[in-house]
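Chains as they are written, first to last, in my numbering: chain X, 1 to 281; chain D, 1 to 124; chain P, 1 to 237. What follows is a set of notes on a single structure, which appears directly below.
Given below as structure tokens:
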């Protein structure tokens with residue numbers, strides 16, 4: 001049953017996201033070509049405003065892809081489960097958790113593809129674009145390319161290797177939180193759609209606040225240590241190369257685990273609401 | 001076309017009447033096979049259970065016989081069919097007389113009217 | 001458990017549903033046997049649709065229970081109940097053939113050949129997009145899907161409202177033709193005169209209460225009028 005649900009879901013929802021991805025890819029390729037062909041700016045010019053504007057617009061465009069995918073998935077879930085189509089879906093002899101699972105799997109795949117697209121376009125293009133926006137001598141360019149590895153204490157390849165499962169888990173949890181928000185929105189009789197949006201923003205705000213709270217002890221420690229050491233620049237460099245990477249490692253793994261817990265909690269919430277509180281109009 | 005049925009009388013009685021009429025008037029001659037309950041119910045646009053009841057009533061009176069393999073057939077007993085014909089006719093006459101009575105006709109006037117009417121019918 | 005309820009297809013006890021302050025259904029008790037075509041009659045707002053949604057597991061009761069073949073509404077009942085909602089639940093951007101695949105995939109009792117032959121007799125091409133069909137045709141498609149299942153209970157909510165007379169005839173004929181003694185059909189409607197002749201029994205629903213359960217013949221015998229006329233009398237404002 002679950003396989004069939006997934007099959008139907010993919011067949012009905014692949015078109016628009018793929019279109020969005022295609023547009024994003026074309027946009028990226030165009031941008032990459034533009035910046036590649038741009039000559040290095042003159043050292044006397046501080047910043048090439050034209051190129052910078054283009055870069056910023058491009059970055060917004062790529063960010064928009066993720067946003068559009070989330071909006072699409074949200075609208076799809078709402079329309080398919082809670083409007084007239086819900087009459088077809090909820091009378092299928094299928095348990096609610098399967099509906100949620102099928103939509104989570106397809107939604108996560110689409111959201112994940114969006115994230116991968118962003119990773120493999122925005123970041124390379126940033127590195128190509130920055131030297132064309134403001135003059136950088138070869139030493140600075142070298143430093144630029146090494147900035148991420150320096151912070152994380154790993155090579156770029158390893159960073160990407162860790163990011164791949166991380167982004168997957170992140171996609172799954174963000175999609176499930178979206179669905180949970182929509183299910184919660186159904187509890188408010190009159191303005192279900194609007195309530196869903198409010199719940200979604202509320203849930204995300206809650207998650208951000210909780211994350212910040214958890215990070216607080218670590219950040220406080222870092223601030224104190226760096227304040228003590230800031231006088232001595234040699235120790236500051238040491239700090240950057242030793243403490244920061246390990247702190248970021250910890251943050252990374254904690255965040256990874258937190259996403260898994262969040263995904264599970266959102267799933268159970270969705271299932272409970274769909275099973276016990278269903279109230280189709 | 002769905003059968004036209006009065007809305008204020010039980011459907012079952014009307015179905016029995018109609019089937020009897022169709023048998024008596026030769027639409028279903030002696031020995032002919034009747035359509036299945038479902039077929040007839042679909043044509044008449046009535047509930048199959050009600051049609052079944054009507055069939056059962058006709059079976060009870062012997063007008064219809066259920067054959068084990070070939071469904072339901074009209075009886076070959078022409079005497080019974082004739083009897084039924086007489087019964088139906090009598091009912092019609094009774095109703096007619098009742099109506100005419102309401103209009104204030106006595107027997108002689110009715111017979112008069114009938115003779116003239118009959119003449120009219122012969123010319124058609 | 002009495003004899004009657006042991007063999008009942010549907011058994012409803014003490015069912016109530018409240019939306020905030022509004023009592024949509026109040027203490028409904030009902031047994032539906034097999035092999036009957038039953039009309040659920042009531043004005044708008046009488047609770048018909050609420051009762052139907054509860055039977056289909058699209059709503060959760062406030063009180064009481066519904067048992068269909070011994071099960072509360074859930075996966076087991078959905079597999080043997082075929083529901084035609086009042087509204088169109090068809091996603092617009094798919095083809096008729098896609099809809100067929102939905103039913104074939106998820107309902108074991110779906111007879112695809114029967115559906116295809118009914119579609120072709122109405123000259124509806126399976127590869128047409130649902131959104132290209134007229135309202136009446138979409139309703140017929142929904143009906144064909146529902147009636148092509150070999151279900152134990154068919155629940156049809158206003159199957160003939162807003163449909164032209166020819167389509168109406170087709171729908172009624174389909175219902176009669178597909179009747180079988182093992183299954184029952186629950187028809188909810190306010191167009192009583194059109195369907196009266198195909199019903200075995202009727203249930204009158206008023207303000208969330210059942211005010212009458214009787215056979216059509218009983219009403220005609222007892223009151224000397226059609227169910228439609230009697231209904232108008234009973235529900236006159």
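All C-beta atoms, glycine included, are put in the ideal place defined by N, C-alpha and C.
Where residue i and residue j are concerned, what is the direct C-alpha to C-alpha distance, given to the nearest angstrom?
i              : j              : result
residue 283(X) : residue 78(X)  : Only positions 1 to 281 of chain X appear in this structure, which leaves residue 283(X) out of reach.
residue 67(X)  : residue 126(X) : 20 Å
residue 40(P)  : residue 19(D)  : 30 Å
residue 73(D)  : residue 56(D)  : 13 Å
residue 191(P) : residue 11(D)  : 18 Å
residue 157(X) : residue 112(P) : 53 Å
residue 23(X)  : residue 64(X)  : 11 Å
residue 63(D)  : residue 187(P) : 34 Å
residue 100(P) : residue 225(P) : 43 Å
residue 76(X)  : residue 108(X) : 13 Å
residue 118(P) : residue 104(P) : 15 Å
residue 45(P)  : residue 55(X)  : 59 Å
residue 85(P)  : residue 21(D)  : 41 Å
residue 5(P)   : residue 37(P)  : Residue placement at residue 5(P) cannot be trusted, given a pLDDT of 46 that sits under 50; the coordinates are not used to answer.
residue 267(X) : residue 100(X) : 8 Å
residue 71(X)  : residue 16(X)  : 12 Å
residue 58(P)  : residue 39(D)  : 36 Å
residue 76(D)  : residue 87(D)  : 18 Å
residue 46(D)  : residue 198(P) : 4 Å
residue 178(X) : residue 202(X) : 11 Å
residue 216(P) : residue 42(D)  : 18 Å
residue 37(D)  : residue 177(P) : 10 Å
residue 53(P)  : residue 271(X) : 20 Å
residue 90(P)  : residue 140(P) : 12 Å
residue 89(D)  : residue 235(P) : 40 Å
residue 110(D) : residue 91(D)  : 17 Å
residue 13(D)  : residue 172(P) : 22 Å
residue 213(X) : residue 206(X) : 10 Å
Nearest by alpha-carbon distance to residue i: which of the options is it?
i              : options                        : result
residue 183(P) : 20(P), 32(P), 169(P)           : 32(P)
residue 12(P)  : 175(P), 65(P), 54(P)           : 65(P)
residue 220(P) : 212(P), 213(P), 230(P), 211(P) : 230(P)
residue 282(X) : 117(X), 164(X), 47(X), 208(X)  : The shown model of chain X, from 1 to 281, leaves out residue 282(X), and the question about it has no answer.
residue 82(P)  : 67(P), 93(P), 55(P)            : 55(P)
residue 227(P) : 88(D), 9(D), 4(D)              : 9(D)
residue 133(X) : 155(X), 49(X), 19(X)           : 49(X)
residue 34(D)  : 70(D), 6(D), 49(D), 48(D)      : 70(D)
residue 262(X) : 281(X), 215(X), 211(X), 249(X) : 211(X)
residue 103(X) : 61(X), 13(X), 147(X)           : 13(X)
residue 232(P) : 30(P), 43(P), 9(P)             : 43(P)
residue 107(P) : 90(P), 151(P), 87(P)           : 151(P)
residue 154(P) : 170(P), 168(P), 175(P)         : 175(P)
residue 7(P)   : 35(P), 15(P), 130(P), 18(P)    : 35(P)
residue 51(X)  : 249(X), 62(X), 200(X), 31(X)   : 31(X)
residue 215(X) : 137(X), 254(X), 122(X)         : 254(X)
residue 80(D)  : 50(D), 23(D), 66(D), 6(D)      : 23(D)
residue 184(X) : 165(X), 74(X), 143(X), 256(X)  : 74(X)
Pull up the DSSP beta-bridge partners for residue i, would you.
i              : result
residue 166(X) : DSSP lists no partner for residue 166(X).
residue 204(P) : 41(P), 212(P)
residue 189(P) : 41(P)
residue 57(X)  : The partner list for residue 57(X) (beta bridge, DSSP) is empty, contrary to what the question assumes.
residue 59(P)  : 279(X)
residue 225(P) : For residue 225(P), which the question treats as bridged, DSSP gives no partner whatsoever.
residue 11(P)  : 31(P), 67(P)
residue 23(P)  : 18(P)
residue 82(P)  : 154(P)
residue 184(P) : 153(P)
residue 145(D) : The question about residue 145(D) has no answer, for chain D in this structure spans 1 to 124.
For the ligand ZN, is there any heavy atom lying closer than 8 Å to the beta carbon of residue i?
i              : result
residue 225(P) : The model depicted lacks the ligand ZN and carries no ligand whatsoever.
Practice task
Would you check if the stretch 161 to 177 of chain P and the stretch 128 to 146 of chain P touch, i.e. whether three or more CB-CB distances between them fall below 8 Å?
Solution key: yes
Practice task
With a floor of 4 residues, list each alpha helix (DSSP H) that falls wholly inside the stretch 91 to 159 of chain P, ordered by position along the chain.
Solution key: 96 to 106, 112 to 121, 135 to 147
Exercise for the section: Please confirm if the stretch 94 to 107 of chain X is in contact with the stretch 191 to 200 of chain X, defined as three or more CB-CB distances below 8 Å between the two stretches. Expected result: no
Exercise for the section: Taking only runs that begin and end inside the stretch 40 to 94 of chain D, name each unbroken beta strand (DSSP E) of 3 or more residues, in chain order. Expected result: 64 to 67, 71 to 74
Practice task
Starting from the N-terminal side, write out each stretch of the alpha helix (DSSP H) that is 4 residues or longer and does not extend beyond the stretch 89 to 175 of chain X.
Solution key: 96 to 133, 138 to 145, 147 to 152
Practice task
Take every Cβ of the stretch 78 to 89 of chain X, pair it with every Cβ of the stretch 33 to 45 of chain X, and state whether three or more of those distances are shorter than 8 Å.
Solution key: no
Practice task
Report yes or no: do the stretch 157 to 175 of chain X and the stretch 114 to 122 of chain X share at least 3 C-beta pairs separated by less than 8 Å?
Solution key: yes
Problem - Stretch-stretch touch, CB-based, cutoff 8 Å, three pairs: the stretch 140 to 148 of chain P with the stretch 118 to 130 of chain P - result: yes
Exercise for the section: Check whether the stretch 61 to 76 of chain P touches the stretch 11 to 26 of chain P, taking contact to mean three or more Cβ pairs, one atom from each stretch, closer than 8 Å. Expected result: yes
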